[in-house]
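Only one structure is covered here, and it is reproduced in the block below.
Number of protein chains: 2
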Amino acid sequence: MATIYEVAARAGVSPATVSRVLNGTAVAADLAERVRSAAAELDYTPNRSARSLRRAHSELIALVIPDIENPFFTALARGVEDVAREAGFSVVLCNTDDDLARESDYLRVALAERMAGVVLAPASERSDLSGLVAAGRPIVAVDRAPHEHSVDIVTVDNVAAGRHATEALIARGARRIACITGPAGVDTADGRAEGWRAALTEAGLPADESLVVRSDFRQGGGRESMEALLARGAPVDAAVIANSVMAVGVARALRGAGRSLPLAVIGDLPIGFDAPDDLIALPLPARELGASAARRLLERISGDVEPARSLVLPA
Amino acid sequence: MATIYEVAARAGVSPATVSRVLNGTAVAADLAERVRSAAAELDYTPNRSARSLRRAHSELIALVIPDIENPFFTALARGVEDVAREAGFSVVLCNTDDDLARESDYLRVALAERMAGVVLAPASERSDLSGLVAAGRPIVAVDRAPHEHSVDIVTVDNVAAGRHATEALIARGARRIACITGPAGVDTADGRAEGWRAALTEAGLPADESLVVRSDFRQGGGRESMEALLARGAPVDAAVIANSVMAVGVARALRGAGRSLPLAVIGDLPIGFDAPDDLIALPLPARELGASAARRLLERISGDVEPARSLVLPA
DNA sequence: TTGTATGCGTTATCAA
DNA sequence: TTGATAACGCATACAA
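First to last, the protein sequences are chains A and B.
Residue 1 is where the first sequence starts when you use my numbering, and the numbers rise one by one after that.
Residue 1001 is where the second sequence starts when you use my numbering, and the numbers rise one by one after that.
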């Protein structure tokens, strides 16, 4: 591994000049040329540990997500990568499996490695960002808003998403619409349920709270929710499902029971999911969410010190 | 961000002693205790850029995969993480989307960042590992064997996998079995097709090469392959499918044509995929593959300098 | 066992 | 514009 000194020696210049060429500071054309060819001949790769130490941050952006198998997060990842790469940063993915301890670990590593910044899709509202925040490192939360900390946040309009999904079912004649959503206290879950409520109310329909089922945003939870609904003979003629992973479970429960029900699902469907014909998917702008988060992060990395800002994308 | 000097000052010891406490070298119990509490009070996080510079490598392991949406690779990722974390390394995921240029980029970054090592699931046999190899950095290839380079390789027994899948169909009475596999020259694709051939031959059945369809391991490819087979009226009564992502497409093509065919699929099925009843899935030990690769990598990181070794896991 | 001093490879400051 | 040099924070060789 050649160092900057070896390149300098071979080009007959000082290490400082090599550094300047590599970093785009003004250098005479002939010197720059000599440096470039010396670097090429030696197959010189700058040592980023040294650079990070000196500059106080690396060129890595951590993207911390709770579930690598959820297509929403993989789409989001693409958005982050698109804009980060454009700006010369590399994105590394950290999968927490919804585990707060693992999330903490990764955030700690990102801090210790002096990564340029972090885009975090929090595993929970109780996610602990204190380390990064205390150190003043760039971080933006996406999808969910963490409590306790004031950081930049990029979310979608969950209420609108819930409303649109519900309206689509109403438009098809549904009157008693169940709402299968995530845990209480989770803003994505609560917002979508609120949209369901709003759509029903606006349509002059009763928003029967007993038709709101709280689940866990996972496949098994979706299945159990629908099974419970069927078991207690709830008089539903359609259902809004707050994310696509749960929709898979819901569809299975229905099929298992030999039933069929118009479904409106918030989010893109997983690859391979054979959706029933009466299922409406309302895509979420996952990629755009990631891109926006990354853009905000880049602003922070470039030194923006404005107060934390909250951005809500239309559904 | 506190430094080792501040911790040392507060504990009334030298920086070297702090370093020793943190790294587990022998230090008197009382000093160690003082250091630990000083570190805690200052919320000291060692600067890994500095450590990496000094030690010549970081505590990050890069896992470079071609398709983050393929459940095989996410399972593999879990295996890598399990053993890497156990050993104190953090795993960062790099998704290349089957793009050799992006793969190269990530490998370059891993080298420049002086990451401890790389587990690579190559996007192609033509993957360029020259940078890492030339620098003598630890790297192990998994799933596919890259040409051109001699590195540690961990794969599954693809031939056995293909054979088992085919045998399962033969056992159910199938006689003319199609084989939908990946591109020629890709060892996973070729091996599985070879297993298909072997099983048929062993069963005294003809291995009709016109029933081998070369596709791309992706959903669309699976669909097109089956559509082509149906379109030309190939006399098949079952099919072996070399990976689970293609199986989704195949199942759709069949359903679209109003047909049904016993299917044997190599690999775990994607979440949400509603497999037809006559589909047999033959799981691949993806997680174990990742774990083995990580173990081999750890040996390299600890200084093993034996010649490159090749490990083939049973299917 | 502990401390001192040095160097890892860069970038930035300062002089020239 | 260019070069000499210090400093980033840590781990270790060496001395005590």
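Beta carbons: idealized from backbone N, C-alpha and C, even for Gly.
Those residues which DSSP pairs with residue i across a bridge
{"i": "A/G117", "result": "A/I61"}
{"i": "B/F1273", "result": "A/F273"}
{"i": "B/V1083", "result": "DSSP, once it has assigned bridges, lists no residue as partnering B/V1083."}
{"i": "B/L1282", "result": "B/I1266"}
{"i": "A/V13", "result": "Note: A/V13 sits in no beta bridge, so no partner."}
{"i": "A/N95", "result": "A/I65"}
{"i": "A/V18", "result": "DSSP lists no partner for A/V18."}
{"i": "A/I241", "result": "A/I180 and A/V265"}
Chain-order list of residues whose beta-carbon lies under 7 angstroms from that of residue i (same chain, five-residue window excluded)
{"i": "A/A123", "result": "P66, T96, D98, D99, L100 and E103"}
{"i": "A/L289", "result": "L76, G79, V142, D143, V154, V156 and L313"}
{"i": "B/L1169", "result": "I1177, A1238, V1240, P1262 and A1264"}
{"i": "B/R1175", "result": "L1205 and D1237"}
{"i": "A/L31", "result": "V13 and T17"}
{"i": "B/A1084", "result": "I1061, V1091 and A1294"}
{"i": "A/S292", "result": "V154, L311 and L313"}
{"i": "A/A135", "result": "L111"}
Selected residue, minimal CA-CA separation from residue i, among the options
{"i": "B/L1279", "options": "B/R1287, B/A1247 and B/R1259", "result": "B/A1247"}
{"i": "B/Y1106", "options": "A/T74, A/F72, A/E59 and A/A75", "result": "A/E59"}
{"i": "A/P283", "options": "A/A184, A/D274, A/F273 and A/L269", "result": "A/L269"}
{"i": "B/R1036", "options": "B/N1023, B/A1161 and B/S1127", "result": "B/N1023"}
{"i": "A/V236", "options": "A/D187, A/H164 and A/P262", "result": "A/P262"}
{"i": "A/E202", "options": "A/R214, A/R163 and A/G221", "result": "A/R163"}
{"i": "B/A1383", "options": "B/A1178, B/V1013 and B/P1307", "result": "This structure does not reach residue 1383 of chain B, given that chain B is present from 1001 up to 1315, and the question cannot be answered."}
{"i": "A/H149", "options": "A/V133, A/V27 and A/D30", "result": "A/V133"}
{"i": "A/A39", "options": "A/A28, A/V64, A/R10 and A/P285", "result": "A/R10"}
{"i": "B/V1186", "options": "B/A1207, B/D1216, B/G1173 and B/A1161", "result": "B/D1216"}
{"i": "B/L1254", "options": "B/E1299, B/P1071 and B/A1275", "result": "B/A1275"}
{"i": "B/D1088", "options": "A/V109, A/A160 and A/R114", "result": "Checking the sequence shown, residue 1088 of chain B turns out to be Gly, not Asp. Per the Cα distances, A/V109."}
{"i": "B/L1200", "options": "B/G1182, B/A1171 and B/I1271", "result": "B/A1171"}
{"i": "B/L1053", "options": "B/I1068, B/E1086, B/T1025 and B/M1115", "result": "B/M1115"}
{"i": "B/R956", "options": "B/V1245, B/S1210 and B/S1260", "result": "With chain B running from 1001 to 1315 in the structure shown, residue 956 of chain B is simply not present."}
{"i": "B/S1244", "options": "B/A1198, B/G1220 and B/E1113", "result": "B/G1220"}
{"i": "B/N1047", "options": "A/L120, A/G136, A/G131 and A/A112", "result": "A/A112"}
{"i": "A/A207", "options": "A/L129, A/P307 and A/E167", "result": "A/E167"}
Reduced DSSP secondary structure (H/G/I, E/B, other) of residue i
{"i": "B/T1155", "result": "strand"}
{"i": "B/N1023", "result": "helix"}
{"i": "B/V1250", "result": "helix"}
{"i": "A/R300", "result": "helix"}
{"i": "B/R1214", "result": "strand"}
{"i": "B/S1260", "result": "coil"}
{"i": "A/L42", "result": "coil"}
{"i": "A/S90", "result": "strand"}
{"i": "A/S310", "result": "strand"}
{"i": "A/L230", "result": "helix"}
{"i": "A/L31", "result": "helix"}
{"i": "B/V1265", "result": "strand"}
{"i": "A/A291", "result": "helix"}
{"i": "A/V109", "result": "helix"}
{"i": "A/L53", "result": "helix"}
Contacting residues, own chain, Cβ-Cβ under 6 angstroms from residue i (five flanking each side not counted)
{"i": "A/G117", "result": "I61, P138, L297 and I301"}
{"i": "A/I153", "result": "A141, A145 and S310"}
{"i": "B/A1165", "result": "V1240, A1264, I1266 and L1282"}
{"i": "A/A2", "result": "L42 and Y44"}
{"i": "B/V1212", "result": "C1179 and A1193"}
{"i": "B/R1020", "result": "V1027"}
{"i": "A/S90", "result": "L60"}
{"i": "A/L230", "result": "A257"}
{"i": "A/N158", "result": "T188, G191 and R192"}
{"i": "A/P285", "result": "L313"}
{"i": "B/F1072", "result": "G1267 and A1286"}
{"i": "B/A1184", "result": "R1214"}
Cut-off 8 angstroms between Cβ atoms - residues of its own chain near residue i, not counting five sequence neighbours on either side
{"i": "B/H1147", "result": "E1125 and R1126"}
{"i": "B/G1012", "result": "R1034"}
{"i": "B/V1250", "result": "I1180, G1222, R1223, S1225, M1226, A1239, I1241 and L1263"}
{"i": "A/Y5", "result": "P15"}
{"i": "A/I271", "result": "P71"}
Contact test: residue i Cβ vs the ligand HEM heavy atom, cutoff 6 angstroms
{"i": "A/V118", "result": "Looking for the ligand HEM in the displayed structure turns up nothing, as the structure carries no ligands at all."}
*Taking only runs that begin and end inside the region 1135 to 1208 of chain B, name each unbroken alpha helix (DSSP H) of 4 or more residues, in chain order.*
1158 to 1171 and 1187 to 1202
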